[in-house]
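Here is the structure we will look at, set down as structure tokens.
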Amino acid sequence: PIEQLEGGVLGGTILQGKFTVNDEIELRPGVSVEEEGKTVYKPLTTQIVSLHAGGRKVKEARCGGLVGVGTLLDPSLSKADGLTGNIVGKVGMLPPVLMELTLETHILERVVGTKEMTKAENISKDETLLLHVGAAITVGKVVAVKNEVATLKLTRPVCAVTGSRVAISRKIAGRWRLIGYGMIR
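Positions -5 to 179 (this note's numbering) are the ones given, in order, by the sequence shown.
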């Protein structure tokens, strides 16, 4: 029966603050929608209807450990990890959604994961890199690079704060390989 349907469930770890049943929450960058031939991302807002931590139902969840957050979202949005890479927070408390990142980069001496001891080359303009920003994974094209500072235009937006670490990978012999990290400026 329709009364037994449940909304989408979000899973993750609370990094700061707390969530309580009935809190209004926001997911950013949100879901992609087509508008006038362009893909744009729309944040989602919903209400917490249940919280699960440590295998039990709880009224409040704080930092640490894994938490299941029951919402009023359409379950089709959260199925098959459809919302992976989004950040959840109380409405109005989340960092901005970014389509461009400026990173202070730190390149490793050697590429991680190759049999040969391949030297990790510096980042160059117009190259495409894979970025891990928190739980989000996106591809970015380098639009500018000067000294150790690179600016990348992203194919998929991320929600992140200044100072966050970003893992940087380059395609080497057909596979993405870790070459360094960056700090968001």
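For glycine and all other residues, C-beta sits at the position ideal for the given N, C-alpha and C.
{"Check": "When you compare the region 47 to 60 with the region 107 to 126, are there three or more beta-carbon pairs, one atom per stretch, that lie closer than 8 Å?", "Outcome": "no"}
{"Check": "Just how far apart, CA to CA, sit R169 and K53?", "Outcome": "44 Å"}
{"Check": "Name the two residues that bound the continuous alpha helix (DSSP H) containing L(-1).", "Outcome": "Looking at the DSSP string, L(-1) is not in any alpha helix (DSSP H), and its letter there is neither H nor E."}
{"Check": "Can you tell me whether E20 is buried or exposed, with buried defined as 16 or more other CB within 10 angstroms of its CB?", "Outcome": "buried"}
{"Check": "Helix, strand or coil, according to DSSP, for S44 in the structure here?", "Outcome": "strand"}
{"Check": "Using the Cα positions of A47 and G62, report the straight-line distance between them to the nearest angstrom.", "Outcome": "6 Å"}
{"Check": "Quick one: what's got a C-beta closer than 8 Å to L102's C-beta in the same chain, skipping five residues either side?", "Outcome": "A114, L172, I173 and G174"}
{"Check": "Quick one: measure Cβ to Cβ for T132 and T149, integer angstroms, because I've assumed they're closer than 8 Å.", "Outcome": "6 Å"}
{"Check": "Just how far apart, CA to CA, sit I166 and I117?", "Outcome": "13 Å"}
{"Check": "Taking the alpha-carbon positions, what's the V136 to E98 distance?", "Outcome": "13 Å"}
{"Check": "Within 10 Å of its beta-carbon, does T122 have 16 or more other beta-carbons around it, so buried, or fewer, so exposed?", "Outcome": "exposed"}
{"Check": "Among L4, Y35 and E142, which one has its Cα closest to the Cα of S72?", "Outcome": "L4"}
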